[in-house]
Amino acid sequence: MNPAPPLLTLEAITCGYDPAKPVVRDLSFHVAQGEMISLLGSSGCGKTTALRAIAGFTPLLSGWITLQGQTLSKPGFTLPPEKRRVGMVFQDYALFPHLTVEENIAYGLKGQPKEAIRATTRDLLHLVGLESLGRRHPHELSGGQQQRTALARALAPQPALILLDEPFSNLDVDLRERLGLEVRQILASQGMTGILVTHDQHEAFAWGDQVGVLHEGNLRQWGTPFSLYHQPEDPFVAGFIGQGTFVAGTCIAPNTVRTAVGLLQGRAAPFQPQEGDPVRVLVRPDDVIPDPDSPISAAVVRRAFKGAATLYTLQLDSGCQLQSLFPSHADHAVGERVNVRVATTHLVIFPNTGPGATLECVPSSLIQ
Amino acid sequence: MTHSAVSGWRWSVLAWGFSLIILIPIGVILSAWITPEWAVWRHLVDTLLGELLFHTLLLLIGVTMWVLILGVGLAWLTAMCRFPGQRFFDWALILPLAMPAYVLAFSMLGFLDYGSPLQGWLAHQFGPNGYWFPDTRSPAMVVFLFSLSLYPYVYMLARAAFLGQGQRMLEASRMLGRSPWGAFFHAALPMARPAIAAGCALAVMEALADFGAVSVLGFNTFTTAIYKAWFGLFNLTAATQLASLLLLFVAVAVTVEQQMRGRARYFSTDGHAPSRDRIRLRGLPALLATGLASLVFLLAFALPVGQLLVWAWSRLDLDLDGRFRDLALHTILLGTGAALLATLAALFLGMVRKRRAGERATRLALHLATLGYALPGSVLAVGVMLTLVWLGKGVDGVFGTATSGVSTGLSGGILALLFAYLVRFLAVAMGPVESGLERIRPSLAEAAHGLGSSSWEVMRRVYLPMLRPGLLTAILLVFVEVMKEMPATLLLRPFGWDTLAVRIYEMTSEGEWERAALPAIVLVLVGLLPVILLVRKTGRSGG
Chain A
21 MNPAPPLLTL EAITCGYDPA KPVVRDLSFH VAQGEMISLL GSSGCGKTTA
71 LRAIAGFTPL LSGWITLQGQ TLSKPGFTLP PEKRRVGMVF QDYALFPHLT
121 VEENIAYGLK GQPKEAIRAT TRDLLHLVGL ESLGRRHPHE LSGGQQQRTA
171 LARALAPQPA LILLDEPFSN LDVDLRERLG LEVRQILASQ GMTGILVTHD
221 QHEAFAWGDQ VGVLHEGNLR QWGTPFSLYH QPEDPFVAGF IGQGTFVAGT
271 CIAPNTVRTA VGLLQGRAAP FQPQEGDPVR VLVRPDDVIP DPDSPISAAV
321 VRRAFKGAAT LYTLQLDSGC QLQSLFPSHA DHAVGERVNV RVATTHLVIF
371 PNTGPGATLE CVPSSLIQ
Chain B
-7 MTHSAVSGWR WSVLAWGFSL IILIPIGVIL SAWITPEWAV WRHLVDTLLG
43 ELLFHTLLLL IGVTMWVLIL GVGLAWLTAM CRFPGQRFFD WALILPLAMP
93 AYVLAFSMLG FLDYGSPLQG WLAHQFGPNG YWFPDTRSPA MVVFLFSLSL
143 YPYVYMLARA AFLGQGQRML EASRMLGRSP WGAFFHAALP MARPAIAAGC
193 ALAVMEALAD FGAVSVLGFN TFTTAIYKAW FGLFNLTAAT QLASLLLLFV
243 AVAVTVEQQM RGRARYFSTD GHAPSRDRIR LRGLPALLAT GLASLVFLLA
293 FALPVGQLLV WAWSRLDLDL DGRFRDLALH TILLGTGAAL LATLAALFLG
343 MVRKRRAGER ATRLALHLAT LGYALPGSVL AVGVMLTLVW LGKGVDGVFG
393 TATSGVSTGL SGGILALLFA YLVRFLAVAM GPVESGLERI RPSLAEAAHG
443 LGSSSWEVMR RVYLPMLRPG LLTAILLVFV EVMKEMPATL LLRPFGWDTL
493 AVRIYEMTSE GEWERAALPA IVLVLVGLLP VILLVRKTGR SGG
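Right, here's the structure in full:
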């Protein structure tokens, strides 16, 4: 049986103001009804441009975008934003300062009978928990309340899809997490599909059933948060997501690599090395565990207490530095020596080529 | 602690004392309502009042309508759209602000009048009666010239509001189902409404206060009537009655302006100015946009300046004489004196506000002190004169002398004129001085004291250098305003103290356009300085 046709399809879209230097290149993905998607990347990676292409503010140089089978954009044709049935929550909320909360929500409900508008507005105020604040003006609201108003306003015309452009970045860290979950729940309760753009991986992982990692206008990987962390498909994603160290080694047998931190075994991906191939293996902090019986000894260089665990930076005698997440009660001072072992069930492996190939270890964040 | 509380209390008393002095001229005029002289009123009603009211209403309605259309339309085009010449017009359309209405009026009259090169050419082409030409002194022409001169107030405020809203708001509106035009009418325009209304009120206040342009155009309003009552009939009572009526109109305008300015601040968002996402006009719309902007710029600035230059050049060797040097000297002396006075007063009031802003009473005093900007020059002149007459009587009474040299000396004096300028232009100086003071946080003085500076040293090494740009801007702005001021100068100047503006009045009232051109072009050129400052400060909208 065929799966249901996707709600939104981006097929090989390229867009940007200067055709010689497009901001987004050859980007494709599908979004199913009710799915939550994150587009993750650092600033300038093209994620906002991609979102604005879906919204209809950026024309396409090539490729096409369809929503529910209807073509929204293709080269030479851009359906105006107001005709797309796409809602948007802006980073600065863009609430109309001259209108009250109710009037802001009702703004997109033109042409309906007054009673229906009032009912919809009331329902939405209830949905976002602002029943008592309907008559306030935006400047009389807290950041979180403005955020909820913006969400209700975007939902009011019953769009097929909601776009969220870094909507939580103006909030306190504490509120950001809480509101992120709340907004996600509200959208899910309406069966709404949501595409969130962010530079914050925690936010992207908390939001997205699927996460797309963008870099320099290209989609580097599309997958679940688990697969992005544990099965990165290229060195950039491996370095961008989470922390870790690339350790140089040599393949001595299928799924076995000899390195300075011992013999590592596990199913190799995405690169399947042949015997004798020079490779790099990604070692995550959670792969490095304390083991008094291990022959590998290292000195504590730095420590960062994180509550439930402590992140240690350890230096081997060779000078190679590893990061390691110890249980919180394993308390070691800087300079102290500890014995560790690298425990892997699967190996994230890339060919060892290019600059730095002779280095024994490279922090993963440097491979970008 | 006690010490600072006492000195703080003194600040408030000083502020109130100062405001009351500033308010005396207004109070004196309003007192005309307490003791009305019915005979004078009846005479006014029988003779003038109907025409004055009709003309004033006509000006109010016509100017409001046209500055709205020109100001908002052009602001929208240059702030939000892209069309050929948009970057140039963005700032060039502010330039007419440098041109006093009376200068625009007489140079356009010279350009359009019967016997002008334009009409000469038309007559040559079509015969003396073979073409239609609008009546250059009709009420429609008056409204048209005022609108050309005053639209920049609306243009600037509306432009700032549109740029301040940023692109986000329009995009939000589009995402909620509005077309680009729908977004303009349902989001951008309502949000800019307070700013636009404030601009309109400013334009109307200018139109009500104008004396020079309506004199040139032979269009009777309250200001010309006040002048005639004073200089023609020597009837200060009638002048006062007329001034008190004009004040009513001004009060309405100033109330609207004050209310809306507050709300405009409250509606502004710190949006990002659009750079790439402007509405790109092509074909006919682009042509119309460029055409409209060019036409307005041409009529409101380029043509009159060109005309003035031609006239001034043709008479340069005749007009650029010792007399002109005296005119310039008087203008500079009065302008500098008033500028220094107003800036010092603004610095004083600014310091009071910095220390005592928490008290409602002090805030009110400061607010009242700056209301003089709304007073038409002729009304102010009447108020100052009445005050001096009253003072003179007081002095005479005490010393038992009859109408003596004291009162006439005072009433004709430079001091009266400087005081009038101070009342009128204090608000102009307040703006830059206050924004300078705002940047000085208390921690700066504390840091300087912590580094071993005495109070005097803090003043010299921290406050003054930080305030210098603001103070200089204030001096420049007031200087230029004083230079352009016509009615109060005309009514209050001591004998022999003619200024450039007075010269322009004298020459234009005799129809000698060419001879008014040299002082006018000087006014326009110097007047461009603050406009350039303004353009640089508001920044280009990019693009």
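Order-wise, the sequence lines are chains A and B. Heads up: the first sequence runs through residues 21 to 388, numbered per my numbering. Heads up: the second sequence runs through residues -7 to 535, numbered per my numbering. The C-beta atom is built at its ideal place from N, Cα and C for all residues, glycine as well. Predicted model, so just to flag it, every value in this text is computed and none were measured.
When secondary structure is reduced to three states using DSSP, A:Gln341 falls in the strand class. B:Ala419 and B:Leu510 have their C-alpha atoms roughly 30 Å apart. Non-local C-beta neighbours of A:Gly237 in its own chain, meaning closer than 6 Å and more than five positions away in sequence, comprise Val43, Val44, Arg45 and Gly66, ordered along the chain. Pairing A:Phe225 with A:Ser58, the inter-Cα distance amounts to about 8 Å.
It is roughly 10 Å from the alpha-carbon of B:Ser286 to the alpha-carbon of B:Ala292.
For B:Gly342, the enclosing alpha helix (DSSP H) stretches over residues Gly314 to Arg348. Each of B:Leu464, B:Ala439 and B:Ala466 was checked against the Cα of B:Arg453, and the nearest Cα belongs to B:Ala439.
Among the residues facing chain A, B:Ala190 is not included, as its CB has no counterpart in that chain under 8 Å away. Where B:Trp83 is concerned, the enclosing alpha helix (DSSP H) starts and stops at Gln78 to Ala84.
Separation of A:Leu47 and A:Leu71 (C-alpha to C-alpha, rounded to the nearest whole angstrom) is 12 Å.
Its chain contains Val148 and Leu150 as the residues whose beta carbon lies nearer than 6 Å to that of A:Arg168, once the 5 sequence neighbours on both sides are disregarded; these appear in chain order.
Counting along the chain, B:Ile406 sits inside no beta strand (DSSP E); it lies in the alpha helix (DSSP H) bounded by residues Ile406 to Glu430.
Counting only Cβ-Cβ distances below 7 Å, A:Glu102 has contacts in chain B at Arg166, Gly169, Arg170 and Ser171, in chain order. When the five nearest sequence neighbours on each side are left out, the beta carbons in the same chain lying within less than 7 Å of the beta carbon of B:Thr56 are those of Cys192 and Val196, in order along the chain.
Listed in chain order, the non-local C-beta contacts of A:Val362 below 7 Å within the same chain comprise Val281, Gly282, Leu284, Val303, Asp307 and Val308, local neighbours out to five positions each way being set aside. Secondary structure at A:Gln90: strand, using DSSP grouped into helix, strand and coil. Collapsing the DSSP output to three states places B:Asp311 in a helix.
Neighbourhood of A:Val148 in chain B, by CB distance below 7 Å: empty, with the nearest CB roughly 16 Å away. Within chain A, the residues placing a beta-carbon under 8 Å from that of B:Met183 are Phe116, Pro117 and His118, ordered along the chain. Under the three-state reduction of DSSP output, B:Ser130 falls in the coil class, being neither helix nor strand. Against chain A, a Cβ distance below 7 Å from B:Ala179 picks out Phe116. C-alpha of B:Tyr94 to C-alpha of B:Thr70: approximately 27 Å in a straight line.
Taking the C-beta atoms as reference points, B:Leu239 is found nearer than 8 Å to B:Val371.
Counting only Cβ-Cβ distances below 7 Å, A:Pro177 has contacts in chain B at Leu168 and Gly169, in chain order. If the five residues before and after B:Val376 are omitted, its C-beta is found closer than 7 Å to the C-beta atoms of Pro17, Ala408, Phe411, Ala412 and Leu484, all from its own chain and listed in chain order. Sorting B:Gly204, B:Arg253, B:Asp82 and B:Ala243 by C-alpha distance to the C-alpha of B:Ser501 places B:Gly204 at the top. In terms of beta-carbon proximity, A:Lys130 lines the interface with chain B, with at least one pair separated by less than 8 Å.
Straight-line measurement puts the Cα of B:Arg416 at about 15 Å from the Cα of B:Leu482.
Interface residue (Cβ-Cβ distance to chain A less than 8 Å): B:Arg151 is not classified as such. Note that the C-beta distance between A:Ile74 and A:Val106 is below 8 Å. A:Ala363 sits in coil when the DSSP states are folded into three classes, being neither helix nor strand. Beta-carbon to beta-carbon, B:Ala512 and B:Ile524 are separated by about 19 Å, too far to satisfy the 8 Å threshold. Residue burial is scored here from C-beta neighbours: B:Ile61 has fewer than 16 other C-beta atoms within 10 angstroms and is therefore classed as exposed. Residue contact check for A:Arg142 against chain B: no CB pair falls below 8 Å.
For B:Arg347, the closest Cβ of chain A is not nearer than 8 Å. Flagged as an interface residue toward chain B: A:Asp112, by a C-beta distance shorter than 8 Å.
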